[in-house]
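All remarks here apply to the structure that follows.
Numbering (this note's numbering), first residue to last: 83 to 167.
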């Protein structure tokens, strides 16, 4: 059976999700600081996925800390406008 798509799971504070949040991402270099820099790894990974699979690629991003909606993280807001459609 062939798959019709791939979904990248960028939630629950897995590695990809930690890159996006400035309170968790304490890296130095091209992946730190601005929202654009913190999203660089995720966007590079999505580009690689699109080259490897001919199927559709989706991504799931959880915008809450500790899975608690009352603890909304304001520094995750830019991601929707940065991700390619």
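Glycine included, every Cβ here is placed at the ideal spot set by N, Cα and C. In this text the structure is predicted, and so the values were computed from the model without any measurement.
Under 8 Å, Cβ to Cβ, is there at least one residue of chain D near residue 140?
In summary, chain D is missing from the structure at hand, where a single protein chain is found.
Between the C-alpha atoms of residue 114 and residue 88, what's the straight-line distance to the nearest angstrom?
For the purposes of this step, residue 114 is taken as residue 32 along the chain shown, with counting starting at 1. For the purposes of this step, residue 88 is taken as residue 6 along the chain shown, with counting starting at 1. Cα to Cα, the separation comes out at about 27 Å.
State buried or exposed for residue 128, treating a residue as buried only when at least 16 other CB atoms are found within 10 Å of its CB.
For the purposes of this step, residue 128 is identified with residue 46 of the chain shown, where counting begins at 1. Taking all protein chains in view, the Cβ of residue 128 is crowded by 16 or more other Cβ atoms within 10 Å, so the residue is classified as buried.
How is residue 89 classed by DSSP in three states: helix, strand or coil?
In the chain shown, residue 89 corresponds to position 7, counting from 1. Strand at residue 89.
Looking only at its own chain, which residues have a Cβ that is under 6 Å from the Cβ of residue 139, when we skip the five neighbours before and after it?
Numbered from its first residue, the chain shown carries residue 139 at position 57. Once the five neighbours on either side are set aside, the close Cβ partners of residue 139 are 88, 131, 132.
For residue 90 and residue 125, what's the separation of their Cα atoms in angstroms?
Your numbering for residue 90 matches position 8 in the chain shown. Your numbering for residue 125 matches position 43 in the chain shown. Computed Cα separation, rounded: 11 Å.
Could you pull out every residue in the same chain whose Cβ sits closer than 8 Å to the Cβ of residue 149, ignoring the five residues on either side in sequence?
Taking the first residue of the chain shown as 1, we reach residue 149 at position 67. Residue confidence is low: residue 149 scores 48 on pLDDT, short of 50, so the model does not pin down where it sits. Its coordinate-derived value is still stated next. For residue 149, where only same-chain residues beyond five positions count, the Cβ hits under 8 Å are 94.
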